[in-house]
Amino acid sequence: MPDGSYPFPMYSGLLEPEHYKKIGSAIWLFLWCVSSTTSEKERDGTVWGIVHGNKPWKLSELAEPFGATEKTVSRWLNTLESHGYIKVTRAPYGLIINVHNSKKWSIERSDKNVRSEGEKGQKCPISTPSDQTKMSDLQDKNVRSNKDITKILIDRWINGLEEDDQKELSSRSGVLTAAVGAVSTGQIDLDKPTVEQRVLQIEQYYMQRNGLISPVPSDWEHVREIANEAMPLDLVYFFIDLAIARKKAKRRRPSDKIRTFSYCKTVIFGCWDELSSFLERYLTPPVSSQQGTVALGASRERPKSKQQQEIEDLEEFIKEEELREQAGSR
Numbered sequence: 001m002p003d004g005s006y007p008f009p010m011y012s013g014l015l016e017p018e019h020y021k022k023i024g025s026a027i028w029l030f031l032w033c034v035s036s037t038t039s040e041k042e043r044d045g046t047v048w049g050i051v052h053g054n055k056p057w058k059l060s061e062l063a064e065p066f067g068a069t070e071k072t073v074s075r076w077l078n079t080l081e082s083h084g085y086i087k088v089t090r091a092p093y094g095l096i097i098n099v100h101n102s103k104k105w106s107i108e109r110s111d112k113n114v115r116s117e118g119e120k121g122q123k124c125p126i127s128t129p130s131d132q133t134k135m136s137d138l139q140d141k142n143v144r145s146n147k148d149i150t151k152i153l154i155d156r157w158i159n160g161l162e163e164d165d166q167k168e169l170s171s172r173s174g175v176l177t178a179a180v181g182a183v184s185t186g187q188i189d190l191d192k193p194t195v196e197q198r199v200l201q202i203e204q205y206y207m208q209r210n211g212l213i214s215p216v217p218s219d220w221e222h223v224r225e226i227a228n229e230a231m232p233l234d235l236v237y238f239f240i241d242l243a244i245a246r247k248k249a250k251r252r253r254p255s256d257k258i259r260t261f262s263y264c265k266t267v268i269f270g271c272w273d274e275l276s277s278f279l280e281r282y283l284t285p286p287v288s289s290q291q292g293t294v295a296l297g298a299s300r301e302r303p304k305s306k307q308q309q310e311i312e313d314l315e316e317f318i319k320e321e322e323l324r325e326q327a328g329s330r
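First residue of the sequence shown: 1, per the UniProt record's numbering; consecutive thereafter.
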């Protein structure tokens, strides 16, 4: 298995002859869609799986993971859409894919319901000061684990860069922490004036860091695509610097540099999707006091056993990542 491989839930009903006859070889793209589902939305009684946060995809980007041609992927998309497995929305910058009747998270929800039913019969004693202290200790431990996950992500992103670039980017770990806070509290308001301002700020920062005197016209749509994403500007700047550092590490001559912003866009969306996935998998989003917002990573009142399990899962994940990195360095 390649590095970064991970399990994801599927239902055995997909193995029935009916689905085999309908899907055929398009099963590979369907599995990718399910594994890439980052959230679910219910509309008119139907649960839709949101693939990579509704990011628009080009056929070439969809074909790359399979080593297939664009023609093959186009045929897969038509097959899956015609039989109602997915919904494809043609956007200006690519294809937005949603999974029909998504059930990716239903296993986890079902497991939580079973545990909740079992816990209903248990009496809840009044918490003592010592119990509250233990809960506080668990919350502090959870915060430390979240920081460890942030470190794991940064270490993964800067792997293979030149030493100076590694030091500079790793010193900005606080950017990720601030990004979590901004996203979780709904501080990013993307009205039209804000988007226009973000476009100019991102373009200016990219030109300055990449040593450009004037903007490239073809970059405009790529910059606007990033500006329309609910991503803190400091995090966008971090990913731009990461993209430039990666290009620098791979260049054949000192004069080589990034020619178009689309290179940065690929790095930005790749890292942003990875960060978003980590937040959804390892941080519990309790409801904030402000209507319509959530506070990722904040603590909320819930059964102690459940919180302890989450902490243990985090610690196990961190240990596995550390062992994998140690094995790779030998």
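Think of the CB as a built atom: it goes at the ideal place given N, C-alpha and C, for glycine as much as any other residue. Keep in mind it's a predicted model, so treat the numbers as computed, not measured.
A straight-line Cα-Cα distance of about 27 Å links residue 269 and residue 254.
Bounds of the beta strand (DSSP E) holding residue 37 are 37-43.
The beta carbons of residue 24 and residue 38 sit no closer together than 7 Å. A Cβ-Cβ distance of about 19 Å is found for the pair residue 35 and residue 59, leaving them out of contact under the 8 Å criterion. Within the same chain, 150 come within 6 Å of residue 176 by CB-CB distance, once the 5 residues on both sides are set aside. DSSP places residue 21 within a helical segment (H, G or I) once states are collapsed to three. Its chain contains 65 as the residues whose beta carbon lies nearer than 7 Å to that of residue 32, once the 5 sequence neighbours on both sides are disregarded; these appear in chain order. In this structure, residue 237 places its C-beta atom within 7 Å of the C-beta atom of residue 205. For residue 69, the secondary structure class from DSSP, reduced to helix, strand or coil, is coil. The three-state secondary structure of residue 95, taken from DSSP, is strand. A direct Cα-Cα distance of roughly 27 Å separates residue 202 from residue 97.
In the DSSP annotation of this structure, the continuous segment of the alpha helix (DSSP H) that includes residue 240 starts and ends at 233-250. In the DSSP assignment, residue 194 falls within the alpha helix (DSSP H) that extends over 192-210. Assigned with DSSP and collapsed to three states, residue 100 falls in strand. With distances taken between CA atoms, residue 197 lies nearest to 223 out of 223, 260, 173, 219.
Taken atom to atom, the span from the alpha-carbon of residue 232 to that of residue 226 is near 10 Å. The straight-line gap separating the alpha-carbon atoms of residue 218 and residue 245 is approximately 22 Å. Assignment of residue 50 by DSSP, reduced to helix, strand and coil, places it in the strand class. For residue 86, the secondary structure class from DSSP, reduced to helix, strand or coil, is strand.
Pairing residue 164 with residue 170, the inter-Cα distance amounts to about 10 Å. The beta carbon of residue 257 sits closer than 7 Å to the beta carbons of 210, 211, 247 from its chain, once the five residues preceding and following it are set aside; these are given in chain order. The beta carbons of residue 40 and residue 49 sit closer together than 7 Å. Across the structure, residue 199 and residue 265 are spaced so that their CA atoms are roughly 13 Å apart. Non-local beta-carbon contacts of residue 173 in its own chain, meaning distances under 7 Å to residues more than five positions away in sequence, involve 150, 151, 154 in chain order.
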